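K.L.:
Numbering (this note's numbering), first residue to last: 42 to 179.
Below is the structure I would like to discuss, written out as structure tokens.
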Amino acid sequence: MSFWRNQSGNIAILFAVGFAVSAMVAAVAVDGAALYHERRSIQNAVDLAAISAAADPGNARAIATAVLADAGLTGGVLTTTVGNYTPDPAKAPVARFVAGSASVNAVTVQFERPGTLHFARNWAPEMLISASATATVT
Numbered sequence: 042m043s044f045w046r047n048q049s050g051n052i053a054i055l056f057a058v059g060f061a062v063s064a065m066v067a068a069v070a071v072d073g074a075a076l077y078h079e080r081r082s083i084q085n086a087v088d089l090a091a092i093s094a095a096a097d098p099g100n101a102r103a104i105a106t107a108v109l110a111d112a113g114l115t116g117g118v119l120t121t122t123v124g125n126y127t128p129d130p131a132k133a134p135v136a137r138f139v140a141g142s143a144s145v146n147a148v149t150v151q152f153e154r155p156g157t158l159h160f161a162r163n164w165a166p167e168m169l170i171s172a173s174a175t176a177t178v179t
């Protein structure tokens with residue numbers, strides 16, 4: 042019987058190929074879930090940082106830095122902006138916060154850092170995760 046006509050072992054080859062494809066799909070799913078979880082953790086910390094910083098807008102950066110450090114978030118780019126927030130439903134939500142206003146009652150905190158990849162770190166581009174939050178004191 043010739044090599045090309047021999048059919049014994051076909052299932053082993055199909056299993057090996059199928060297993061390799063399944064492992065790659067699982068690796069992508071694990072990395073995707075990890076990035077999603079990391080994004081939610083960063084958003085929670087940024088929300089807390091904005092709420093904490095809104096209580097004392099003069100020290101917004103120091104307060105936000107401390108809150109993010111307590112949450113274990115270091116090594117990213119932090120931006121804090123103080124300004125005035127007007128809860129006017131006639132305005133678009135992005136137009137309600139005015140940075141650098143004379144009457145300061147709100148803080149916007151933005152944080153960005155590279156996400157952690159477990160399986161794809163050697164071949165995938167770096168994924169940046171960012172979150173922002175605005176909080177006001179009434």
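Just so it is clear, CB atoms sit at the ideal spot from N, CA and C, and this is done for glycine as well.
Model, not experiment: these values are computed from the prediction.
Excluding the five sequence neighbours on either side, which residues of its own chain have a C-beta within less than 6 Å of the C-beta of Ala174, listed in chain order?
P.N.:
Correct list, in chain order: Val87, Asp88, Ala91 and Val150.
K.L.:
Compare the beta carbon distance of Val148 and Thr121 with 8 Å and say whether it is the shorter of the two.
P.N.:
Result yes, Cβ atoms of Val148 and Thr121 sit closer than 8 Å.
K.L.:
State the Cα-Cα distance for the pair Pro130 and His78, rounded to the nearest angstrom.
P.N.:
Taking the straight line from one Cα to the other gives about 32 Å.
K.L.:
Compute the Euclidean distance between the alpha carbons of Ala172 and Val58, then round it to the nearest angstrom.
P.N.:
Each residue's Cα considered, the two are about 40 Å apart.
K.L.:
Any Cβ of chain D within less than 8 Å of the Cβ of Ala131?
P.N.:
Here chain D cannot be found, since the structure has a single protein chain.
K.L.:
Looking at the unbroken alpha helix (DSSP H) that takes in Ser142, where does it start and where does it end?
P.N.:
That residue, Ser142, is in no alpha helix (DSSP H); it is neither H nor E in DSSP.
K.L.:
Applying the criterion that 16 or more other CB atoms from any shown protein chain within 10 Å of the CB defines a buried residue, is Phe98 buried or exposed?
P.N.:
Correcting the residue identity first, residue 98 is Pro in this sequence and not Phe. Its Cβ being crowded by 16 or more others within 10 Å, Pro98 is buried.
K.L.:
Using the Cα positions of Leu109 and Ala176, report the straight-line distance between them to the nearest angstrom.
P.N.:
When rounded, the distance between both Cα atoms is 15 Å.
K.L.:
Shortest alpha-carbon distance to Ser144 belongs to which of Asn125, Ala161, Phe152 and Ala136?
P.N.:
Of the listed residues, the one whose Cα sits closest to Ser144 is Asn125.
K.L.:
In angstroms with no decimal places, state the Cα-to-Cα distance between Ser142 and Leu169.
P.N.:
For Ser142 and Leu169, the distance between alpha carbons rounds to 30 Å.
K.L.:
Anyone know if the C-beta pair for Ala61 and Ala161 falls short of 8 Å?
P.N.:
Not closer than 8 Å, so no.
K.L.:
Exposed or buried, which one is Phe56 when buried takes at least 16 other CB atoms within 10 Å?
P.N.:
With fewer than 16 Cβ atoms within 10 Å of its Cβ, Phe56 is classed as exposed.
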